[in-house]
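Top line first, the protein sequences correspond to chains A, B, C and D.
Sequential numbering of the first sequence, starting at 10, is according to our numbering.
Sequential numbering of the second sequence, starting at 129, is according to our numbering.
Sequential numbering of the third sequence, starting at -2, is according to our numbering.
Sequential numbering of the fourth sequence, starting at 150, is according to our numbering.
We treat Cβ as the ideally placed atom computed from N, Cα and C, and that holds for glycine.
Given the structure is predicted, the values throughout are model-derived calculations rather than measurements.
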Amino acid sequence: MTTVTADLPASYLTKEHTIASWLLTSDHKRIALLFFASITFFFFIGGFAATLIRLHLLNPAGTLLQPDMYNRMFSMHGIVMVWFFLIPSIPTTLGNFLIPLMIGARDLAFPKINLASWYVFNISGFFVLFCLFVGGVDTGWTFYTPYSTLFANGYVIPAAVAVFINGFSSIMTGLNFVITIHRLRAPGMTWMRLPLFVWAIYAVSLVMLLATPVLAMTLALVALERWMGVGIFDPQLGGDPLLFQHMFWFYSHPAVYIMILPAMGVVSELVSCFARRPVFGYEGMAYALMSIAVISFFVWAHHMFVAGISIYAGIVFSLLTFFVAVPSAIKVFNWTATLHKGSISFDAPMLYALGFVGLFTIGGLTGLMVATLPIDIHVHDTYFVIAHFHYIMVGGTVSAFFGGLHYWWPKITGRLYPEMWARVAAIITFLGFNLTFFPQFILGYLGMPRRYYTYDPAWQVWNVLSSAGASILAAAYTLPLLYLGWSLFYGARAGANPWRATGLEWLTSSPPPQHNFPRTPVVRAAPYQYNPADGSYVAQDGSSNA
Amino acid sequence: MSAQREPLLPYVVAWLVLMLLLGLSVLSAYLDIGIFHPIVNFGIAATQAAIIFIMFMRLRGRPSLKWVFAAAGFFWLLFLFGLSTVDYATRTGFPTQ
Amino acid sequence: MQWVPFWPRDASVTAQSIDKIFIGELALVLVILGFVFGLMIVFGLRYRRGSRANRTGLIKKTWHWEIGWTVGSLAAFLVLFVWGANMYVWLYDPPRAGLEIYVVAKQWMWKAQHPGGQREINELHVPLGETVRLLLTSQDVIHSFFVPAFRVKHDVLPGQYETFWFKPTELGRFRLECTQYCGTEHAHMGGDIVVMPPADYARWLSRQGEHESLAQQGEALFRKYGCSGCHGANSTVHAPSLVGVYGGLVHLEGGDTVRADERYIRDSILLPRSQIVAGYAPVMPSFAGQIGEDDLVKLVAYVQSLSPIDGASQ
Amino acid sequence: MRSLQPEPQYATLEQQTETAQLGMWMFIATEVMFFGALVFTYFLYRTHYWEQFRLTAQDSKILLGSINQAILLTSSLTMVMAINFGKEGRQRLLVLLLLATALLGLCFLGVKGFENFEDYQSSTVPSVNFLLKSGYHPPTELFWVFYFIATGLHAVHLTIGIGLILVLVWLARRGRLSPNYYSPLEVVGLYWSFVDTVWVFLFAAIYPLGRAAT
C-alpha cells in the first residue's frame, strides 16, 4: 500500500519553483502554506507579548514594564492572537489544504479570491504591526467605548482598521468554503458522507460570513468616532456605550465558536483514526456542530451580565447560554464513547486530541459556571474568566491545531515527523498548559481582576506558578518548530496513507499533485469505516484494505 | 445558451411599480400618521426591495439555494434586532448627559 | 469556607449565597469531569492497541445515547439556571431601604457621598449589618465596582445610574477594585470598604465635620439653578410639584407610565423634554452640560427627600 | 478570444457561472449584515429618541433624496436590460446600456454631493459644521451621524459598482462577453441592484419620518 519512491514524486510542491509561482499561485495547497507562514509569524508575536505579560506578573509590584506598556502588551496579545492566529488558524491552513481534498475537488470554487484573502490578511497584518511599532494600542482586544473612542491614548484607529481589513479575509475564506462545499463535492459525496472536519469548516464558515460584517461595522463606527470626535456610541450625545458591547459581542461571541468548531472537526478525525473505530454517533456529531454554530448567535449578552443590561435580558441570555452547552456536551460524550472497543494507539496526534478533549471539557464546564448569573457577578472580568477561555482557546484550539498539523504533516510535506519528539512535545504542552492556567482559576475566585499590572502580594504564589507554566509552554511550542523543520529535510518519506485512514485526501499521493486527483474520485462509502477488531478499514472510495 | 430574446416588458412594469412606491413613500411623509410612519416607510421599502430582488436580481423561477442565501442575511438580522430588544425593551438606564 | 487556604473572605449576606451556588456547581463539575476522565482512562488502558480486549459488537447506530445525555445535561443545566436566575434577581433588584450612598467613579478614583453629606475618596465606611444600596455613575469611561469579599460587582457607566446592594456581616477592611479596564492606572483604581459597628459608624460620620446633608446641599442648588422658581410652592408657572414624586408612578404625555426613580429624576433635569408629565407644557429648559455629576447627586437627593414615605433614605 | 474552458475545478461552464452567482448571493448576505448592523443602531435611537429624530429629519432634503432614488431605480432597470442584451449577444446595446447605468450612478453621486453641500450650509454636518437648533436635544446629532456614515458607505459601494461596470464595458469591447460566457455581467448586475436596495432602505430611514405640520 505505502510505496516509498526513491525520488520526489511530481507534486504541488515541485511543480514550479519560482517565487512568483508561490506568490501568484491559485493552488489551494500552496495558499494554505502561505497562510501557515503568516499565522505562525503572528502566533510568535502574540506569544512574545504573552511571555512579557507573564514575566511582568512574577512580581506583584509590576516593575518590569511601565503601566502603559503593560496595557499595550495585553491588548496586542489579545488582538494578534484572536484575529491573526486563532480565527484564521485551522480554517485557512488545514481547511484550505484539506477541504478540496476531502470532498474530491480539484480546487476551491474561487482560487483567486482565496489568494486575495491571503494578501488582504497580510495587509491587515501590516496595519497591526504598524500599530505595534508606532506605540501600540491600550484598549484591550475588546475596544470598549467610550474608552476606546474618547479616552484611550494609544493608536486605536490603525488597530481598528487592521481588524476591519482582517474581516474581509475571513469573509473571503468563509465564502469560498461554503460555496465549495455546496457545489464541488465529488460524485457520491453526499452530505451525510462528509468527514466531520468538512462539517466543522462548513459550520464555521457560515458563522464567519454572518458575524464578521457586524464587527466590521462596529469597528468602523469606533474608528470614525475616534477620528471625528462624534459618533454613534458617544454618551455625550445620548449614545449608548452598551450598544457597542451588544454589537461587538454579537460578533465576538460567535467568534469564540469560529475558533473552537474547526478544532472539534480536527479532533473527530483524529480520535476516530487512532481508535480505529467509526466516530460514535456521526450524525449526532454533525448536527451538534451545526446547532452550536446557530445557537452561538443567541448568547452574546452573557458577556454583559454585570454591564448594566436589564435583569430580564440577563436571565434570557443565561438560559440560552445553557442551551449552547448541550450540543458541546454531546460532542464530548461522543468522543469519549468513540474510544469504547477501539484499538487505540497513542501517537502524537492522538495525544493532542485526547488533551483537547480533556482541556475542552474543563473549559466547557467552567463555562457553565460563568453562565450561572450570580457566579458570573463574582468572577466576571477576573482571572477566572481568563483561565476559562484559555482552556477553550489554547487548551482546545491550539492543541487541535497541533494535532491536526502532525496528522496531516505527511500529506502536506510528504515527510514523516519524528514520532518520539512529537510525543514529548505533546505531553509537555499538556503539562505546561495546566500549570499556566489552572492557578488562574484560583486567582480569579480570590478576586484578582484581569488587566492589572500590579496586584495584591498575597496572590504572588499563584502568579509565579502560572508564569513558570508559561515558560514551559513557550518551550513546548517552540519544539515542533524545530523538529518539524528538521523533518522537512531529513524526515522519512511518507506514503500516500501512512495512518491507514479512510478520507479521500489519503487516496492521492503525498504530497498531492497540482490538481489533487489524477481522476475525480467517486465516493461509495461513509467516512470512518474502521474495524478495531482486525485493523482493516474501508476507504471512502469503497476500497477495502486489510 | 441560444439567443432567444427575453421580453423586456416585465422589467419596465416592475420599474413603474417601484417609482409608484417611491411616490407613495414621499407622500406618506406629509401625512399625520404618527407612530405608523416607520411601519409605512419600511413596509414600502421592503416591498421595493422584494421587487428588486425578484425581478432585477432574478430570483424568479425554480426554488434554489439562491433563495436561501438571499434571505439568510435578513433572517439573521432578526436575531440581532430581536434578542437585543429583550434588553432595550426592559432596561431603564440610558445615557443622558 | 475559611478553612480552605485559598478561599476569599466571605463578609456579606450575598457572599455566602454565591459561595453556596459556586460550591454546588463545582461539585457537579467535578462529577462530570470524573466521569469523562475516568472513561477516557479506562478505555485508553483497556482498548490500547495490542490489548486482548474484546472488540466485537460495536454499539450500532442508535439515538438512545445521544438523547440520553442530551436530556440528562439539559435537566441539570435547567436546575442551575433557575437557581442562578433567582439569585440574580435578588442581587440586582435592591430593596428600597437602608443606607443609600452615591458613588461617582472617575479615572482613577472612587468618590462616595453619604446621605449626611460626608464625602470620602477611595474609602467607603459602612455600618455592620445594614443593607447598603449604592447608586453609581461615572464621569468618564466605564468602570466596575467590585468587592471580592462581598462577591458583588457592577459596571459603572457614564451618563446613568446603576444600582445594587450588599449587607456586610463581618467587621474589617475589604478591598474595592475596578474590574472594567479604564486606562493607564486601572490597576490602582481601588480602595477599601470599611465595615464598622453601627455606633462607631455614627461616631465616624459625626467626626467628618459639620456637613449639610446631601439633600440640604441639594436644596441650595435647587434655588441656585432656579428650579424653585417654577417647581416651588408659590410658583405661578404651571410646573409639576415635586413633593411625593420620588418612588411613585408618573403618567407621561403620550400615555406611558414610568417609575420616578433616581434615573428618572436625573434624566428629567438633563433632558426634560424627553419625558413630559401628562398635562404640562414642555417649557423646562435642558440643564445638559451645566450641572456636574456631583451636583446632580445632590439635586436628586433633594428631590428624594421630598417624598418622606421612604423614610430611611434621608 | 480566449477559448471557453471552465476553470479546472469545474466540470462545465454552466457550473462555473452558477457558482459565481451563488458566491455573489452569499456576499450579498454578508453585506446585508454589514448595513443591517448600522440600521440596528438607527433602529435603537429612532425608537428611543422618537420625537427628536422626527424633528431633525425634517431638515433632510427629501426632494434630492427622492430624485436620487428615482435615478438608482432607473439604473437598475438599465442594468438588467444590459444583462439581457448581453445574453442575446447584442453587443452595441449592451455597451450602451452599461454606459447609461454608469452615468446614472455618476448622476446619483452628483446629486448626493449637492445635497451634502446643502447639509453643510444648514449646519447639520457633525464635527464639521454642526449647530444645535433651539428645541433640539443632543441626540438629534446622532441622526446626522447615522445619515453621513450610512450614505457615505453607500456612496463607496456605488463608486465600486461604477468601477465594475466600466470593467464590464471594457470586457464587452474586447469581445470577452458573449452569449456563451456572461458570468461577470450577472454577478455585477446582482451587486448593482443590491446597492440600489440598500438605498431604498436608507431612504426610508432618513427622509420620510413625518413632515406634517403638527
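Practice prompt. Tell whether a beta-carbon distance below 8 Å holds between PRO448/A and SER475/A.
Written response: The residue you call residue 448/A lines up with position 439 of the first sequence. The residue you call residue 475/A lines up with position 466 of the first sequence. Against a cut-off of 8 Å, the Cβ pair of SER475/A and PRO448/A comes out as a contact.
Worksheet item: Should TYR128/A be labelled buried (16 or more other beta-carbon atoms within 10 Å of its own) or exposed?
Response: The residue given as residue 128/A occupies position 119 in the first sequence. Answer is exposed; the Cβ neighbour count stays below 16.
Discussion item. I'd like to check one pair, PHE332/A with ILE353/A: are the Cβ atoms closer than 8 Å?
Written reply: One-based indexing of the first sequence puts residue 353/A at position 344. One-based indexing of the first sequence puts residue 332/A at position 323. Cβ atoms of ILE353/A and PHE332/A: not closer than 8 Å.
Worksheet item: Measuring from the CB of ASN506/A, is there a heavy atom of the ligand SAM at a distance below 7 Å?
Response: This structure lacks the ligand SAM, and indeed carries no ligand of any kind.
Practice prompt. Indicate the three-state DSSP secondary structure (helix, strand or coil) for THR529/A in the structure shown.
Written response: Against the first sequence, residue 529/A aligns to sequence position 520. In this structure, THR529/A counts as coil in the three-state DSSP scheme.
Practice prompt. Compute the beta-carbon to beta-carbon distance between LEU258/D and LEU307/D, rounded to the nearest angstrom, for a pair I have assumed lies under 8 Å.
Written response: Taking the fourth sequence and counting its residues from 1, the one referred to as residue 258/D is at position 109. Taking the fourth sequence and counting its residues from 1, the one referred to as residue 307/D is at position 158. About 7 Å separates the two Cβ atoms, so the contact holds.
Worksheet entry | Bridge partners - LYS150/C, DSSP secondary structure assignment | For the purposes of this step, residue 150/C is taken as the residue at position 153 of the third sequence. Paired residues: PHE143/C.
Discussion item. In the DSSP output, which residue or residues are listed as bridge partners for PRO458/A?
Written reply: Residue mapping note: residue 458/A aligns to position 449 of the first sequence, counting from 1. Partner(s): THR391/A.
Worksheet item: Buried or exposed: ASP7/C, going by 16 or more other Cβ atoms within 10 Å of its Cβ?
Response: In the third sequence, residue 7/C corresponds to position 10, counting from 1. Result: buried.
Worksheet item: So what's MET106/C in DSSP terms, helix, strand or just coil?
Response: For the purposes of this step, residue 106/C is taken as the residue at position 109 of the third sequence. In the structure shown, MET106/C sits in a strand (DSSP, three-state: E or B).
Worksheet entry | Range of the contiguous alpha helix (DSSP H) that encloses TRP80/C | One-based indexing of the third sequence puts residue 80/C at position 83. Start and end: 61 to 89.
Worksheet item: Going along chain A in order, which residues have a C-beta closer than 8 Å to the C-beta of MET37/C?
Response: For the purposes of this step, residue 37/C is taken as residue 40 along the third sequence, with counting starting at 1. Those are THR345, LEU348, LEU363, VAL366, GLY367, listed as they occur along chain A.
Worksheet entry | Own chain, CB closer than 7 Å to TRP201/C, minus 5 neighbours either side, in chain order | Against the third sequence, residue 201/C aligns to sequence position 204. Within the same chain, TRP201/C has close Cβ partners HIS122, MET193.
Fill in: 7 Å Cβ shell around ALA70/A - same chain, five flanking residues per side excluded
Reading the first sequence from its first residue, position 61 is the one you call residue 70/A. Annotation for ALA70/A: THR463 place their beta carbon closer than 7 Å to its own, counting only its chain and skipping 5 residues before and after.
Item to complete: May I ask which residues mark the beginning and end of the alpha helix (DSSP H) holding HIS303/D?
Response: What you label residue 303/D is simply residue 154 of the fourth sequence in a count that begins at 1. Element bounds for HIS303/D: 288 to 322.
Worksheet item: If you compare alpha carbons, which of SER496/A, PHE306/A, PHE498/A is closest to PHE203/B?
Response: Position 75 of the second sequence, counted from the start, is the residue given in the question as residue 203/B. Cα-wise, what sits closest to PHE203/B is PHE306/A.
Discussion item. Taking the alpha carbon of TRP341/D as the reference point, which residue from TRP293/D, LEU221/D, TYR198/D has its own alpha carbon closest?
Written reply: Counting from one through the fourth sequence, the residue named residue 341/D turns up at place 192. Checking every option, the nearest Cα to that of TRP341/D belongs to LEU221/D.
Discussion item. Taking only three categories from DSSP, how would you classify CYS175/C?
Written reply: As a first step, residue 175/C must be located in the third sequence, where it is residue number 178. In this structure, CYS175/C counts as strand in the three-state DSSP scheme.
Discussion item. On the criterion of 16 or more Cβ atoms from any shown chain inside 10 Å, does MET201/A qualify as buried, or is it exposed?
Written reply: One-based indexing of the first sequence puts residue 201/A at position 192. Classification of MET201/A: exposed, given that the 10 Å Cβ count is below 16.
Worksheet item: What residues from chain A crowd round THR218/B, counting only those whose CB sits closer than 7 Å?
Response: Working through the second sequence from its first residue, we reach residue 218/B at position 90. By Cβ distance, chain A contributes SER319, TYR321, ALA322.
Discussion item. Given this structure, state the Cα-to-Cα distance separating GLN301/C from LEU249/C, to the nearest angstrom.
Written reply: If you number the third sequence from 1, residue 301/C lands on position 304. If you number the third sequence from 1, residue 249/C lands on position 252. Going by the C-alpha atoms only, they are around 19 Å apart.
Discussion item. At the level of alpha carbons, what is the spacing between GLY240/A and PHE355/A?
Written reply: Taking the first sequence and counting its residues from 1, the one referred to as residue 240/A is at position 231. Taking the first sequence and counting its residues from 1, the one referred to as residue 355/A is at position 346. Cα to Cα, the separation comes out at about 56 Å.
Practice prompt. Just the chain C side, please: which residues come within less than 7 Å of PRO287/D by C-beta, in chain order?
Written response: The count along the fourth sequence starts at 1 and reaches residue 287/D at position 138. The contacting residues are ALA285.
Discussion item. Any beta carbon from chain F within less than 8 Å of VAL141/B's own beta carbon?
Written reply: Absence of chain F from the displayed structure is noted, the protein chains being A, B, C and D.
Discussion item. Runs of 4 residues minimum, wholly inside the region 155 to 199 of chain A: which ones carry the alpha helix (DSSP H) assignment?
Written reply: The region 155 to 199 of chain A contains, as complete alpha helix (DSSP H) runs of 4+ residues, the segments 165 to 192 (chain order).
Item to complete: Mark TYR291/A as exposed unless 16 or more other C-beta atoms lie within 10 angstroms of its C-beta, in which case mark it buried.
Response: By 1-based counting over the first sequence, the position of residue 291/A is 282. Buried, because 16 or more other Cβ atoms sit within 10 Å of the Cβ of TYR291/A.
Discussion item. So with CB distances below 8 Å, who are the chain B contacts of LEU219/A?
Written reply: Here residue 219/A corresponds to residue number 210 of the first sequence, with the count starting at 1. Chain B residues near LEU219/A: ALA200, GLY201, TRP204.
Discussion item. My output table needs one value for ASP268/D: the three-state DSSP class, helix, strand or coil.
Written reply: Working through the fourth sequence from its first residue, we reach residue 268/D at position 119. When secondary structure is reduced to three states using DSSP, ASP268/D falls in the helix class.
Item to complete: Return the bridge partner residues of VAL247/C from the DSSP annotation.
Response: Here residue 247/C refers to the residue found at position 250 when the third sequence is read from its first residue. Note: VAL247/C sits in a beta bridge opposite VAL255/C.
Worksheet item: Just by C-beta distance, which residues in the region 515 to 528 of chain A are closer than 8 Å to chain D?
Response: HIS524
Worksheet entry | Chain-order list of residues whose beta-carbon lies under 8 Å from that of SER238/C (same chain, five-residue window excluded) | Counting from 1 along the third sequence, the entry for residue 238/C is found at position 241. Excluding sequence neighbours, SER238/C sits near HIS228, ALA230.
Worksheet item: Does the beta-carbon of LEU377/A have 16 or more other beta-carbons within 10 angstroms, so that it is buried, or is it exposed?
Response: For the purposes of this step, residue 377/A is taken as residue 368 along the first sequence, with counting starting at 1. By the 10 Å Cβ count, LEU377/A comes out buried.
Worksheet item: Helix, strand or coil: how does DSSP classify ILE288/C here?
Response: Counted from its first residue, the third sequence places residue 288/C at position 291. Three-state result, ILE288/C: coil.
Discussion item. Is the beta carbon of THR128/C closer than 8 Å to that of GLY95/C?
Written reply: Locating residue 95/C in the third sequence gives position 98, counting from the first residue. Locating residue 128/C in the third sequence gives position 131, counting from the first residue. Cβ atoms of GLY95/C and THR128/C: closer than 8 Å.
Worksheet item: From which residue to which residue does the beta strand (DSSP E) around TRP162/C run?
Response: As a position in the third sequence, residue 162/C is number 165, starting the count at 1. Counting along the chain, the beta strand (DSSP E) containing TRP162/C begins and ends at 159 to 163.
Discussion item. For the beta strand (DSSP E) containing ILE190/C, name the first residue and the last one.
Written reply: Locating residue 190/C in the third sequence gives position 193, counting from the first residue. Counting along the chain, the beta strand (DSSP E) containing ILE190/C begins and ends at 188 to 193.
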